[in-house]
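Just below is one structure, and these are the notes that go with it.
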Amino acid sequence: MYVTAEPEQLALVPQGALRVLFTAELATIEERFARRMKGNLPVPVATMLERKHGMFDAMPHDFHAVSDASTPEELYAAIAKACGLLRARLIFVKKERCVAA
């Protein structure tokens, strides 16, 4: 599994890999960052999030997962079905974290 945060990193993803685009509304992303920063979202961080929001939307992808539109379990099942990895499974430990089993 490759997770990229910068478009130039997409060149590292092997050809033929299943490309999953994960998106969320800007307000949702800002809320998550603010929680990690003890309720305070500094202006430079908010500006960076606004600048980068949607930068992957035009990139080629095989599957689009929208945050808050499905549960993590539903997303995993859809992605696993799309790439044929039904043997693997994830254990969801917390709402925003998972570990491989």
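Take 1345 as the starting number for the sequence shown in our numbering and just add one per residue. The beta-carbon is built from N, C-alpha and C at its ideal position, and this holds for glycine as well.
Neighbourhood of residue i by C-beta, 7 Å cutoff - its chain only, sequence neighbours within 5 removed
{"i": "L1356", "result": "Y1346"}
{"i": "E1374", "result": "L1385, A1390 and L1393"}
{"i": "A1413", "result": "none"}
Exposure label - residue i; buried when at least 16 CB within 10 Å
{"i": "G1360", "result": "exposed"}
{"i": "G1383", "result": "exposed"}
Among the options, nearest to residue i - alpha-carbon criterion
{"i": "F1407", "options": "A1421, R1395, K1396 and N1384", "result": "A1421"}
{"i": "H1397", "options": "E1352, T1348, A1368 and R1363", "result": "A1368"}
{"i": "T1372", "options": "E1418, S1411 and T1415", "result": "S1411"}
{"i": "P1351", "options": "R1376, D1401 and L1385", "result": "D1401"}
{"i": "A1392", "options": "S1414, P1404, F1377 and M1403", "result": "It should be noted that the sequence gives Met, not Ala, for residue 1392. Of the candidates S1414, P1404, F1377 and M1403, the one whose C-alpha sits nearest the C-alpha of M1392 is F1377."}
{"i": "T1348", "options": "L1370, M1399 and L1419", "result": "M1399"}
Cβ neighbours of residue i in the same chain (closer than 8 Å, five flanking residues each side left out)
{"i": "M1381", "result": "V1389"}
{"i": "A1409", "result": "V1364, L1365, F1366, T1367, L1419, A1422 and I1423"}
Residue range of the unbroken beta strand (DSSP E) whose run includes residue i
{"i": "F1407", "result": "F1407 to V1410"}
Proximal residues to residue i (C-beta, below 6 Å), its chain only, five neighbours per side dropped
{"i": "R1363", "result": "H1405 and D1406"}
Minimum Cβ-Cβ distance from residue i to chain E less than 8 Å
{"i": "A1424", "result": "In the structure shown, chain E does not exist; there is a single protein chain."}
Whole runs of the beta strand (DSSP E) within the region 1358-1390, excluding any shorter than 3 residues: Those beta strand (DSSP E) runs which fall completely within the region 1358-1390 and span 3+ residues are 1364-1367.
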